[in-house]
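Protein chains in written order, with my numbering: chain R, 1 to 154; chain H, 1001 to 1390.
Ideal placement from N, C-alpha and C gives every residue a C-beta, glycine not left out.
Predicted model only: the values in this text are computed from it and were never measured.
Accompanying notes for the structure given below.
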């Protein structure tokens, strides 16, 4: 398992849960399960299979943690642990997190933030590629509208 | 993001305008550069025509740009180390115990199991019967004491030490003018003797009262009522009926119903009368002389005075049958109207010397027979000592 995979997993939970503690806990569990998966396959896993497995595991653990995250609400994230670009405002993202559909929201993270292919996402979720693309399109449209509104306020 | 021509897009055979909805769905692929040329032209044309689609296109572009910025987020080494370190056994066990982290199916099934077990335990362990008994108040009344109202001998006798005023008034006052009367003890002696007489009479009175009271229960005992029901079948009723009326009246019989004695019906004559019980045998012998008679004693609500009996006699026109069946007065007949009591059918084993049984049987079947038995019994009241007269 490469550092990029660990980073992807951490970023996924950082943006999907908006809670540092929960994000670390969930990330460590996914990494642990991924290690077990790799051990079973004797580390002979292609990039496609790895990404699909990451999508599968992250989706599974997110559904378990998201109720706790919603109950706790959006927690202020410290920039010391997670450092987005300096001029990037997380406001639109928080709004997108509250208002959007969970399926579109997660699809945007996998596709546009983690950079996974639509086929890899579809394989991990056991869906068709068109469905994934549709969800990403709608998610981006929603996120873009949030971002534009935020920009107009400036 | 790879930009490639997606083979899923079918070639357009005929150029046509793209709908706004179709254009919106293809905008993401358009931005990513995945559309074939043909589709691209159509999308661009649609974008020119529909301003809404242009807004959607800009939103998608902004979203992609924003996500690119977020993708540059860095994580610290601390986070990296905490995530990548080995997940210990204890944390995994603790995590396994965290119910909220269980899968949804496991959580729901465990909740359902817990609820069902709780309900089952409550139903089986709680003493419902005891609770029900305490909750249900069967009788709000509370019995403090029971008083038996039976009169005893001592209660019936009036107290002897108390002289009733009626007796006391009868006691003559001692006359001092009478010879031998002394003021002191003499009057008291006289009074004492009179008082003794009064007491004696008083004692007698209670006894008579007791006797009367003892007699009263006998008279006030509820007596059962009964009626004698008789059946005959004779020829020439036109002539016989007045004769029978005379016989009954000679024996002291008086009509007991609303119709006169010997009331003629289409099929017979009806006699409802009361007479002295002592002359019952005489009546029977008089009727036997005319023909065969069957008579039964039935319970009835109407109670006759002491020494009086009530008889309902139905004499049917026609030949006597072997079965001895007599017809029942039809609906609306006085017997039914007055008494309103019907009983079971007569005994089919009775036979008579004359008559064609078949025809009369048929007739009797049409009209249901007169009650002749006590309820539940098929034989007449012979066994109980009541006479069955033929």
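Does the beta carbon of residue 106 (chain R) sit closer than 7 angstroms to a beta carbon anywhere in chain H? Residue mapping note: residue 106 (chain R) aligns to position 106 of the first chain, counting from 1. Interface with chain H (7 angstroms Cβ-Cβ cutoff): residue 106 (chain R) is excluded.
Note the first and the last residue of the continuous alpha helix (DSSP H) segment covering residue 1296 (chain H). Residue mapping note: residue 1296 (chain H) aligns to position 296 of the second chain, counting from 1. Element bounds for residue 1296 (chain H): not the alpha helix (DSSP H) but the beta strand (DSSP E), 1293-1300.
With 16 as the cutoff for other CB atoms within 10 Å, does residue 1298 (chain H) come out buried or exposed? Start at 1 with the first residue of the second chain, and residue 1298 (chain H) comes out as number 298. So residue 1298 (chain H) ends up on the buried side.
Any C-beta of chain R sitting closer than 7 angstroms to the C-beta of residue 1050 (chain H)? Taking the second chain and counting its residues from 1, one reaches residue 1050 (chain H) at position 50. Under the 7 angstroms criterion on CB atoms, residue 1050 (chain H) is classed as non-interfacial with respect to chain R.
By the three-class DSSP mapping on this structure, what secondary structure does residue 82 (chain R) have? Here residue 82 (chain R) corresponds to residue number 82 of the first chain, with the count starting at 1. DSSP places residue 82 (chain R) in strand when its eight states are reduced to three.
Are the Cβ atoms of residue 127 (chain R) and residue 65 (chain R) separated by less than 7 angstroms? As a working note, residue 127 (chain R) is residue 127 in the first chain. As a working note, residue 65 (chain R) is residue 65 in the first chain. Not a contact, by the Cβ cut-off of 7 angstroms.
Going by C-alpha to C-alpha distance, which of H:1295, H:1110, H:1277 sits closest to residue 1232 (chain H)? Along the second chain, read from residue 1 onward, the residue named residue 1232 (chain H) stands at position 232. Check the Cα spacing between residue 1232 (chain H) and each of H:1295, H:1110, H:1277: the tightest is with H:1295.
Using alpha carbons as the reference points, say which of R:141, R:63, R:51 lies closest to residue 1107 (chain H). The residue you call residue 1107 (chain H) lines up with position 107 of the second chain. Cα-wise, what sits closest to residue 1107 (chain H) is R:63.
In the DSSP assignment, what are the bridge partners of residue 1229 (chain H)? Position 229 of the second chain, counting from 1, holds the residue named residue 1229 (chain H). Its beta-bridge partners are H:1296, H:1312.
Identify, in the order they occur along the chain, each residue of the same chain with its Cβ nearer than 7 angstroms to the Cβ of residue 68 (chain R), setting aside the five sequence neighbours on each side. Counted from its first residue, the first chain places residue 68 (chain R) at position 68. The residues are 22.
Can you give the beta carbon distance from residue 1057 (chain H) to residue 1027 (chain H), rounded, assuming they're within the 8 angstroms contact cut? By 1-based counting over the second chain, the position of residue 1057 (chain H) is 57. By 1-based counting over the second chain, the position of residue 1027 (chain H) is 27. The Cβ separation is near 5 angstroms, so the contact holds.
Less than 7 angstroms between CB atoms is the rule here; does residue 1056 (chain H) satisfy it with respect to chain R? Within the second chain, numbered from 1, the residue matching residue 1056 (chain H) stands at position 56. Taking Cβ atoms only, chain R reaches closer than 7 angstroms to residue 1056 (chain H), which makes this a yes.
Bridge-paired residues (DSSP) for residue 1275 (chain H): For the purposes of this step, residue 1275 (chain H) is identified with residue 275 of the second chain, where counting begins at 1. Within the DSSP bridge table, the entry for residue 1275 (chain H) names H:1309 as partners.
How many Å lie between residue 107 (chain R) and residue 72 (chain R) at the Cα? Indexing the first chain from 1 puts residue 107 (chain R) at position 107. Indexing the first chain from 1 puts residue 72 (chain R) at position 72. Cα atoms of residue 107 (chain R) and residue 72 (chain R): separation of roughly 23 angstroms, rounded to the nearest angstrom.
Residues in the same chain with beta-carbon distance under 6 angstroms from residue 1313 (chain H), minus the five sequence neighbours each way, listed in chain order, please. Counted from its first residue, the second chain places residue 1313 (chain H) at position 313. Correct list, in chain order: 1230, 1271.
With respect to the alpha helix (DSSP H) encompassing residue 1 (chain R), which residues constitute its N-terminal and C-terminal limits? Position 1 of the first chain holds residue 1 (chain R). Where residue 1 (chain R) is concerned, there is no enclosing alpha helix (DSSP H), because DSSP gives it neither an H nor an E.
Can you tell me where the alpha helix (DSSP H) holding residue 91 (chain R) begins and where it ends? Working through the first chain from its first residue, we reach residue 91 (chain R) at position 91. Run containing residue 91 (chain R): 91-99, per the alpha helix (DSSP H) assignment.
Under 7 angstroms between C-beta atoms of residue 120 (chain R) and residue 48 (chain R): Sequence index remark: in the first chain, residue 120 (chain R) carries index 120 (1-based). Sequence index remark: in the first chain, residue 48 (chain R) carries index 48 (1-based). Contact: yes.
Tell me, which residues are paired with residue 1057 (chain H) by DSSP? In the second chain, residue 1057 (chain H) corresponds to position 57, counting from 1. According to DSSP, residue 1057 (chain H) bridges with nothing at all.
Environment of residue 1307 (chain H) [buried if 16+ CB atoms lie within 10 Å]: As a first step, residue 1307 (chain H) must be located in the second chain, where it is residue number 307. The residue is exposed, with fewer than 16 neighbouring Cβ atoms inside 10 Å.
What span of residues does the alpha helix (DSSP H) with residue 123 (chain R) cover, start to end? By 1-based counting over the first chain, the position of residue 123 (chain R) is 123. Element bounds for residue 123 (chain R): 118-125.
Classify residue 137 (chain R) as buried or exposed, calling it buried when 16 or more other Cβ atoms lie within 10 Å of its own Cβ. Within the first chain, numbered from 1, the residue matching residue 137 (chain R) stands at position 137. Burial check for residue 137 (chain R): the Cβ neighbour count within 10 Å reaches 16 or more, so the residue is buried.
Secondary structure of residue 115 (chain R), DSSP reduced to three states: Taking the first chain and counting its residues from 1, the one referred to as residue 115 (chain R) is at position 115. Residue state for residue 115 (chain R) is assigned as coil, using DSSP reduced to three classes.
Classification of residue 1172 (chain H) by the beta-carbon crowding that lies within 10 angstroms, buried from 16 upward: Taking the first residue of the second chain as 1, we reach residue 1172 (chain H) at position 172. Its pLDDT being 48, under 50, residue 1172 (chain H) is placed unreliably by the model, and the measurement read from it follows with that caveat. The residue is exposed, with fewer than 16 neighbouring Cβ atoms inside 10 Å.
For residue 1043 (chain H), which residues of its own chain have a beta-carbon under 6 angstroms away from its beta-carbon, when the five flanking residues on both sides are left out? In the second chain, counting from the first residue as 1, residue 1043 (chain H) sits at position 43. Around residue 1043 (chain H): 1023, 1026, 1030.
Span of the alpha helix (DSSP H), counted from its first residue to its last, around residue 1079 (chain H): Residue numbering aside, residue 1079 (chain H) sits at position 79 when the second chain is read from its first letter. Its alpha helix (DSSP H) spans residues 1077-1084.
Considering only residues of the same chain and omitting the five flanking positions on each side of residue 139 (chain R), which have a CB-CB separation below 7 angstroms? Locating residue 139 (chain R) in the first chain gives position 139, where the first residue counts as 1. Around residue 139 (chain R): 100, 104, 105, 107, 108.
What are the boundary residues of the alpha helix (DSSP H) that residue 1031 (chain H) is part of? Taking the first residue of the second chain as 1, we reach residue 1031 (chain H) at position 31. For residue 1031 (chain H), the enclosing alpha helix (DSSP H) has its first and last residue at 1020-1032.
Bridge partners of residue 1125 (chain H), per DSSP? Position 125 of the second chain, counting from 1, holds the residue named residue 1125 (chain H). DSSP, once it has assigned bridges, lists no residue as partnering residue 1125 (chain H).
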